[in-house]
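Notes to accompany the following structure.
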Amino acid sequence: MLGELELVEAIPVTKTPIIAAHAMEFVNSTVSGNIQSVTGLLAQARIHNPKDKNNMKLLDISDYAMLFHGDLGTAEHVHAILQHQALEDSPWNQCQYVVFIPGLFHLKMAAADVLWHVFIHPMAVRHDDTSLMHDVGILHPKETGIYQSKPGFRHMHQLITYNCWWLEVTNFDSRLTTLEALADTKPTFTQLKDLVLPQLSLGIFWLIPWLPT
């Protein structure tokens, strides 16, 4: 067993109250519908335009930001709201308080897409022995066309995972140039812990399907 992870920079545990919101009938395919969804959700928490003096019991969030979480489609809707409202005359009407927070999985998807556009898609980077396409030719020789055109997240995730662990293995022992070379040495459990634990302390966790169980 690896045991408990060592705390590096622990975030204090704080109980956050969760309030269920009722359903809203807005058309989210339009910018105006997206704005209504945001303002309608805030209204359920008694949050309205701070310049509205009719009800003094309303919460004023002028000095705060509201974090909105969702998938990449939600992010596009939020960005459309901010662009559409940029010319309005007040921070509230501009929706300046809206800050979108993507999920970790969708962040990984966006990062994988950036790596493909930078290191695989351009023709100029495919003819180098140190390029990612060179690794694709070794790992997936029958799928080079898929990687050159538009691979899905699964393909890019496999390629990134292999290259990350290949670099870690090389740093661990410069004589090991591949993951297969590490497997051939039949490493002990202690050696695997020495390899994996530094990555866990950084919040990085990947599976190593090439190593013997």
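Numbering (the working numbering), first residue to last: 7 to 219. Yeah, the Cβ is synthetic: ideal placement off N, Cα and C, and Gly gets one too. None of the values given here were measured: they were computed from a predicted structure.
Quiz prompt | DSSP bridge partner residues for PRO108 (one or two, in chain order) | solution = In the sequence shown, residue 108 corresponds to position 102, counting from 1. DSSP lists GLY76 as partners of PRO108.
Quiz item: So, are the CB atoms of ARG52 and LEU65 less than 8 Å apart?
Solution: For this step, residue 52 is matched to residue 46 along the sequence shown. For this step, residue 65 is matched to residue 59 along the sequence shown. Against a cut-off of 8 Å, the Cβ pair of LEU65 and ARG52 comes out as a contact.
Quiz item: How close, in whole Å, do the beta carbons of TYR153 and HIS140 come, if the pair is a contact with beta carbons under 8 Å?
Solution: As a working mapping, residue 153 is identified with position 147 in the sequence shown. As a working mapping, residue 140 is identified with position 134 in the sequence shown. Wrong, their Cβ atoms sit about 11 Å apart, outside the cutoff.
Quiz prompt | Sufficient close CB pairs (3 or more, under 8 Å) joining the stretch 82 to 98 to the stretch 113 to 126 | solution = no
Quiz item: The alpha helix (DSSP H) with MET139 in it runs from where to where?
Solution: As a working note, residue 139 is residue 133 in the sequence shown. Per DSSP, MET139 belongs to the alpha helix (DSSP H) from 138 to 145.
Quiz item: DSSP state of LEU182, grouped into three classes?
Solution: Against the sequence shown, residue 182 aligns to sequence position 176. In this structure, LEU182 counts as coil in the three-state DSSP scheme.
Practice problem: Thinking ILE126 and LEU145 are a contact (beta carbons under 8 Å), I'd like their distance in whole angstroms, please. | Solution: To locate residue 126, count along the sequence shown from 1; it is residue 120. To locate residue 145, count along the sequence shown from 1; it is residue 139. At roughly 13 Å, the Cβ-Cβ gap does not stay under 8 Å, so ILE126 and LEU145 are not in contact.
Quiz item: According to DSSP, which residues form a beta bridge with ILE53?
Solution: Against the sequence shown, residue 53 aligns to sequence position 47. ILE53 pairs with LEU65.
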